[in-house]
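Right, one structure below, let's go through it.
2 protein chains.
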Amino acid sequence: MPTPSAQLAAFAAHLRFEHLPQAVVRKTEDLLVDWFGSAVAGHGSRPVASIARFAQVMGAGQGAAEAIVSRTSNSPYLAAMANAAASHVAEQDDVHNGSVFHPATVVFPAAVAVAQAMGASGRDLLTASVAGYEVGIRVGEFLGRSHYKVFHTTGTAGTLAAAAAVGHLLKLDAQQMLHALGSAGTQAAGLWEFLRTAADSKQLHTAHAAAAGLMAAYLAQDGFTGAAQILEGPQGMAAGMSSDADPAKLVDGLGTRWATAETSFKYHASCRHTHPAADALLQVMQQHRLQPDDLAGVVTHVHQGAIDVLGPVVRPVTVHQSKFSMGTVLALVAQFGHAGLAEFDQHFLSDATQALRDKVTMQLDAEVDGAYPRRWIGKVTVTTTDGRVLHGRVDEPKGDPGNTLSRDEITAKALRLAAFSGGATATEMQQAVDRLWHVAQWPRVGRLLGADT
Amino acid sequence: MPTPSAQLAAFAAHLRFEHLPQAVVRKTEDLLVDWFGSAVAGHGSRPVASIARFAQVMGAGQGAAEAIVSRTSNSPYLAAMANAAASHVAEQDDVHNGSVFHPATVVFPAAVAVAQAMGASGRDLLTASVAGYEVGIRVGEFLGRSHYKVFHTTGTAGTLAAAAAVGHLLKLDAQQMLHALGSAGTQAAGLWEFLRTAADSKQLHTAHAAAAGLMAAYLAQDGFTGAAQILEGPQGMAAGMSSDADPAKLVDGLGTRWATAETSFKYHASCRHTHPAADALLQVMQQHRLQPDDLAGVVTHVHQGAIDVLGPVVRPVTVHQSKFSMGTVLALVAQFGHAGLAEFDQHFLSDATQALRDKVTMQLDAEVDGAYPRRWIGKVTVTTTDGRVLHGRVDEPKGDPGNTLSRDEITAKALRLAAFSGGATATEMQQAVDRLWHVAQWPRVGRLLGADT
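In order, the protein sequence lines correspond to chains L and Z.
Take 1 as the starting number for the first sequence in full-length UniProt numbering and just add one per residue.
Take 1 as the starting number for the second sequence in full-length UniProt numbering and just add one per residue.
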């Protein structure tokens with residue numbers, strides 16, 4: 001019987017476009033377009049620009065892969081590094097609930113860069129991306145909640161996700177794919193400590209995961225070997241970085257359960273842990289026609305993971321940090337009905353936002369915590385200034401598979417992100433997104449954003 | 001009171017050549033020449049060649065830094081990656097006992113590449129290297145024995161060591177250096193799992209550490225921020241990867257205790273955990289004039305760390321794996337008086353070696369284990385074919401500070417390594433080593449191995 005790692009590697013190596021249900025293909029196209037918007041949204045971000053500059057200075061100066069935010073070319077390794085840094089900073093990229101893992105920001109930068117370098121077809125890109133999603137999500141589920149308390153799963157599981165996607169494009173066989181996963185997993189890294197001082201590390205984590213995973217796959221193609229059981233072995237990732245890892249999760253429903261299709265889109269431009277409560281607050285305010293001034297207090301009933309990640313952020317001082325402040329997110333939602341990039345940028349520290357923010361608290365809730373991470377339930381208790389106590393509840397926050405975004409909503413979101421960052425003109429972005437919806441017909445993956453400027 | 005991380009960062013930023021005792025400068029020169037031999041020894045190694053090819057394909061094609069084993073130029077980032085991969089494969093690079101950390105293979109590749117790119121002076125290179133050693137060794141001591149049971153400390157602590165060295169060359173101030181350590185620590189990775197199948201990951205760990213640490217320092221110079229307490233914070237390295245971390249070790253004797261000078265040279269070309277027993281066996285054999293045929297059984301009395309790392313290797317199938325086989329190392333020492341590269345390459349699987357190998361066992365020893373990791377005591381009990389039971393003991397294996405290598409021995413070792421690998425001709429290597437002994441007088445660090453070929 002092959003080990004769980006070996007089964008996962010074989011699945012990733014042997015996956016074919018013909019195996020994918022149509023709904024999974026369509027969902028992957030949705031995820032790709034949604035990711036592209038997030039990548040363009042990284043334009044103009046200081047930490048993203050730092051990593052993009054580093055990649056440019058250390059890289060090829062030219063190359064077959066596109067660095068999206070800098071509108072330059074580079075080798076696939078360094079383009080993937082820059083694009084992965086770019087895709088996560090707006091906090092608008094997708095998330096898989098059960099694994100608490102953001103697949104797009106590590107899978108697509110690596111896969112697109114290599115597909116461009118190889119001239120792979122759009123179908124190959126989609127198939128490879130599904131391989132990356134399926135592997136990364138299962139690795140995240142395997143590593144479990146104990147892992148996520150200290151480690152940024154997108155940084156750690158992300159190395160294996162990127163390796164699987166790139167390995168698929170490089171046509172690794174099952175044994176080579178296992179080596180690639182081994183080399184990826186032994187580079188897996190990313191700690192939450194940076195949140196405490198609002199440091200820039202989240203962008204470094206995604207850059208690192210995409211680049212290290214890509215490197216692992218290229219090395220495997222060249223005969224470089226990795227640990228055969230990097231995930232579940234006695235000195236592997238779980239041994240070092242988890243206390244509740246479950247190897248059965250690595251192979252859960254391989255080929256029948258499509259974890260890719262379980263992935264959620266982000267509607268608010270904030271940490272996903274804030275979304276359920278934000279939607280529940282919106283529900284209460286709409287149902288009872290409340291205005292922000294009506295709010296005397298909001299208790300959010302949350303899972304422990306939300307407290308772990310958001311708890312340290314009490315008085316955010318940067319836009320990025322405020323996306324991890326439950327109070328700030330709910331304050332923006334209460335005022336504007338949506339916590340988007342523009343709302344954060346213009347209002348995250350306004351007097352009104354701060355006043356509302358300080359009325360919001362988090363409380364651990366047994367039902368919500370028990371359902372997490374498979375379901376992200378939103379529950380709030382609102383006390384109004386006239387003394388009413390109101391309850392709000394959503395079982396699937398906006399963007400979850402049962403409450404998903406339409407293609408028009410995804411397109412509109414991408415256009416909004418580009419307009420906000422200035423990473424592309426409205427015309428450019430509209431054309432790029434229009435083209436990208438037809439990716440399954442592309443004979444070769446070319447530049448996504450048109451020619452160099 | 002600054003945190004331990006902040007004190008360590010300030011020390012690394014503020015270190016000046018004038019602060020260094022003469023003995024530390026001389027020792028650092030010794031370590032540099034010894035490293036250079038190990039870097040050249042990586043020539044011709046398959047896994048090293050894979051990483052060097054990857055760096056070349058993804059890199060600049062030209063650049064200000066020297067990739068030693070491929071005799072090419074590249075950006076400092078990718079040259080550091082290739083050279084760090086090269087420096088560890090022969091298992092001849094240095095080790096600091098107390099931290100179980102190999103500083104040279106992560107510090108010098110990063111520091112030399114950046115010094116070449118900047119045209120830094122030899123003194124700047126030496127000072128920066130000491131900063132890297134002092135930081136990396138203390139991080140290794142801090143992470144402790146629990147960390148080393150699962151993690152390859154050279155890969156993890158190595159990211160911070162490389163960041164400190166490069167940060168010093170880039171003249172980061174104390175705050176920037178703290179950011180660099182934060183960005184390095186959040187990329188720290190490297191798991192022992194690969195040993196179980198004799199995979200190539202050790203070369204990837206050093207490549208990754210040097211490159212990620214270098215990147216962290218460049219990013220900090222560009223304003224990119226990192227966690228302020230990546231080491232001791234509640235979601236930092238110790239929280240995620242150690243159960244016995246002691247923050248006091250991060251600042252132990254900063255500026256008065258020179259950990260750099262405590263570093264040991266390797267005499268045998270094998271895992272350092274085998275050296276104390278190897279030297280103890282040699283002592284017994286020399287004292288009692290034993291021949292290999294006289295040995296009926298050898299019990300090595302070892303610390304737990306030796307059992308953790310060497311225990312899984314029972315029947316090595318590759319030269320590299322055999323360097324982690326206590327039995328193989330002692331078999332070579334018994335036959336040839338020294339377990340060098342040539343002995344491994346030609347004899348690691350000979351019938352005589354295998355027969356002797358299977359007579360060697362490891363036993364946990366309370367005294368040896370209690371002294372470890374500060375002292376690596378070697379104790380063996382030899383049973384001879386004529387029924388005698390003999391005991392051997394060394395308190396400092398050859399290469400330790402109290403039993404060190406002379407400059408002539410270091411030069412000879414470097415020449416042997418070059419001859420073995422073919423990475424340089426005897427004349428080239430002699431000239432390069434002769435030049436390198438005068439590094440403190442160099443106005444600018446240039447290529448170590450002469451011009452491109």
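Quick reminder that beta carbons are idealized off the backbone N, C-alpha and C, glycines included.
Computed from a predicted model, the values in this text were never measured in an experiment.
Would you verify that the beta carbon of residue i is, or is not, closer than 9 angstroms to some beta carbon of chain Z?
| i | result |
| --- | --- |
| I51 (chain L) | yes |
| T230 (chain L) | The displayed chain sequence assigns Ile, not Thr, to residue 230 (chain L). Judged by the 9 angstroms Cβ criterion, I230 (chain L) is in contact with chain Z. |
| P258 (chain L) | A quick correction: the sequence has Trp, not Pro, at residue 258 (chain L). So, not an interface residue. |
| residue 465 (chain L) | This structure gives no information on residue 465 (chain L), because the portion of chain L shown stretches from 1 to 453. |
| Q431 (chain L) | no |
| M118 (chain L) | no |
| H208 (chain L) | yes |
| M58 (chain L) | yes |
| T425 (chain L) | no |
| F224 (chain L) | yes |
| G182 (chain L) | yes |
| W35 (chain L) | no |
If the criterion is Cβ atoms closer than 9 angstroms, does the pair residue i and residue j meet it?
| i | j | result |
| --- | --- | --- |
| P247 (chain Z) | F108 (chain Z) | no |
| Q335 (chain Z) | E343 (chain Z) | yes |
| D291 (chain Z) | G392 (chain Z) | It is worth fixing the name first, because residue 291 (chain Z) is Gln in this sequence and not Asp. No, Cβ-Cβ distance for Q291 (chain Z) and G392 (chain Z) is not below 9 angstroms. |
| L169 (chain Z) | V135 (chain Z) | no |
| G423 (chain Z) | A41 (chain Z) | yes |
| A80 (chain L) | A211 (chain L) | yes |
| H179 (chain L) | S421 (chain L) | no |
For residue i, does the three-state DSSP call read helix, strand or coil?
| i | result |
| --- | --- |
| T225 (chain L) | coil |
| V360 (chain Z) | strand |
| N74 (chain L) | strand |
| L349 (chain L) | coil |
| A67 (chain Z) | strand |
| G236 (chain L) | coil |
| A451 (chain L) | Only weak support exists for where A451 (chain L) lies, its pLDDT of 49 falling under 50; the coordinates are left without a value. |
| F151 (chain Z) | strand |
| T404 (chain L) | coil |
Output needed for residue i: all residues of its chain with C-beta closer than 7 angstroms, excluding positions within five of it in sequence on either side, in chain order.
| i | result |
| --- | --- |
| K398 (chain L) | Y267 and D279 |
| A189 (chain L) | G155, T156 and H208 |
| K27 (chain L) | T260 and A261 |
| A131 (chain Z) | A12, L15, A164, A165 and H168 |
| S242 (chain L) | L143, G144, S146 and H147 |
Just to confirm my understanding: we take residue i, look at its own chain, exclude 5 residues before and 5 after, and list those with CB closer than 6 angstroms. What are they?
| i | result |
| --- | --- |
| V329 (chain L) | S270, T274, A278 and A339 |
| K323 (chain Z) | E91, S270 and C271 |
| A198 (chain Z) | T318 and Q321 |
| M177 (chain Z) | A9, A12, A13 and G167 |
Considering only the alpha carbon of each residue, which of the options lies closest to residue i?
| i | options | result |
| --- | --- | --- |
| D294 (chain Z) | Z:Y77, Z:R388, Z:A414 and Z:Q203 | Z:R388 |
| T385 (chain Z) | Z:S5, Z:V298, Z:V69 and Z:L332 | Z:V298 |
| Q22 (chain Z) | Z:Y148, Z:T425, Z:T72 and Z:A261 | Z:A261 |
| L181 (chain Z) | Z:D200, Z:I230, Z:F265 and Z:L195 | Z:I230 |
| V69 (chain L) | L:V89, L:M58 and L:A60 | L:V89 |
| P76 (chain L) | L:Q116, L:D408, L:W437 and L:R53 | L:Q116 |
| D365 (chain L) | L:R374, L:R357, L:K359 and L:G378 | L:G378 |
| Y133 (chain L) | L:G119, L:D200, L:D94 and L:A331 | L:D94 |
| L31 (chain L) | L:S421, L:R444 and L:K413 | L:K413 |
| V314 (chain Z) | Z:L341, Z:Q283 and Z:F348 | Z:F348 |
| G255 (chain L) | L:A60, L:R138 and L:Q56 | L:R138 |
| Q7 (chain L) | L:M429, L:A228, L:G59 and L:L20 | L:A228 |
By Cβ distance below 8 angstroms, which residues in the same chain neighbour residue i in space, the five residues on each side in sequence not counted?
| i | result |
| --- | --- |
| D173 (chain L) | A13 |
| A440 (chain L) | V25, E29, G122, R123 and L126 |
| A239 (chain L) | G233 |
Would you say residue i lies against chain L (beta-carbon separation less than 9 angstroms)?
| i | result |
| --- | --- |
| G185 (chain Z) | yes |
| T453 (chain Z) | Low confidence applies to T453 (chain Z): its pLDDT is 33, below 50, so where it sits in the model is not reliable, and the reading given next is rough at best. T453 (chain Z) does not count as touching chain L. |
| V382 (chain Z) | no |
| L8 (chain Z) | no |
| L160 (chain Z) | no |
| A115 (chain Z) | no |
Check whether the Cβ of residue i sits closer than 8 angstroms to any heavy atom of the ligand ADP, and report yes or no.
| i | result |
| --- | --- |
| E29 (chain Z) | As far as ligands go, the structure on display features none, and thus does not contain the ligand ADP. |
Residues, ordered as in the chain, of the stretch 232 to 258 of chain L that lie near chain C by beta-carbon distance below 7 angstroms: Of the protein chains in the structure, L and Z, none is chain C.
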